[in-house]
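Here the sequence shown is numbered in our numbering, starting from 2 and rising by one per residue. Every residue, glycine too, gets a C-beta built ideally from N, C-alpha and C. Quick notes on the structure that follows.
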Amino acid sequence: MTADQKSILNDPRVTNNADGTVSVALSSPVTLTTDGEVLSSIQLGPLNGQAMVDMINYAREGDRIASIIKSSSGMVGPKGDALIKGLSGHDFLLLSEVASTFLGSGQTTGQ
């Protein structure tokens, strides 16, 4: 883990959980579904091999980062799409930095 990755995990919006996951408080809550489910924080965890393949297969950088956030949060499909669409730019960048800590090399994308 790089020094930058360690510093993002010390951010006051980030909580390191005993199970190895990380909870991130959002600056703006996100409504995920029509039933009104609202998230004020998101729990991120390690990526599996398939998530890495999916991320690497995206041609555009933004799609790769979104893929990392969706996979790390366990929100894929329509729920993951709603998450990305509803995030503020600030929260998107914070989540991308935190999710990248689960990539051993410190690299945030497949290139």
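Inset, instruction - Evaluate contact between the segment 22-42 and the segment 58-65, counting only Cβ atoms and requiring at least three cross-stretch pairs below 8 Å. - result: no
Inset, instruction - Could you pull out every residue in the same chain whose Cβ sits closer than 8 Å to the Cβ of Leu-84, ignoring the five residues on either side in sequence? - result: As a working mapping, residue 84 is identified with position 83 in the sequence shown. Excluding positions up to five away in sequence, the list reads Val-31, Leu-33, Leu-40, Ile-43, Ile-70, Lys-71, Ser-74 and Met-76.
Legend entry - DSSP three-state assignment for Ala-19, whether helix, strand or coil: Along the sequence shown, read from residue 1 onward, the residue named residue 19 stands at position 18. It is coil, neither helix nor strand.
Inset, instruction - Out of Asn-18, Ser-29, Asp-20 and Asn-17, state which residue places its alpha-carbon closest to the alpha-carbon of Leu-94. - result: Position 93 of the sequence shown, counted from the first residue, corresponds to residue 94. The candidate whose alpha carbon is nearest that of Leu-94 is Ser-29.
Inset, instruction - Could you give the DSSP three-state label for Ala-26: helix, strand or coil? - result: Counting from one through the sequence shown, the residue named residue 26 turns up at place 25. The answer is strand: DSSP assigns Ala-26 an E or B state.
Inset, instruction - Let me know if Ala-60 comes out buried or exposed under the rule of 16 or more other beta-carbons within 10 Å of its beta-carbon. - result: Position 59 of the sequence shown, counted from the start, is the residue given in the question as residue 60. Its Cβ having fewer than 16 others within 10 Å, Ala-60 is exposed.
Legend entry - Nearest to Leu-104 (by Cα), restricted to the options Leu-88, Met-53 and His-91: Position 103 of the sequence shown, counted from the start, is the residue given in the question as residue 104. Closest option to Leu-104, Cα to Cα, is Met-53.
Legend entry - Residue range of the alpha helix (DSSP H) that includes Ser-97: On the sequence shown, residue 97 is found 96 positions in, with the first residue counted as 1. It spans 90-101 - the alpha helix (DSSP H) in which Ser-97 sits, taken as one unbroken run.
Inset, instruction - Measure the CB-CB distance between Asn-17 and Leu-10 and report whether it falls below 8 Å. - result: Counting from 1 along the sequence shown, the entry for residue 17 is found at position 16. Counting from 1 along the sequence shown, the entry for residue 10 is found at position 9. Yes, Cβ-Cβ distance for Asn-17 and Leu-10 is below 8 Å.
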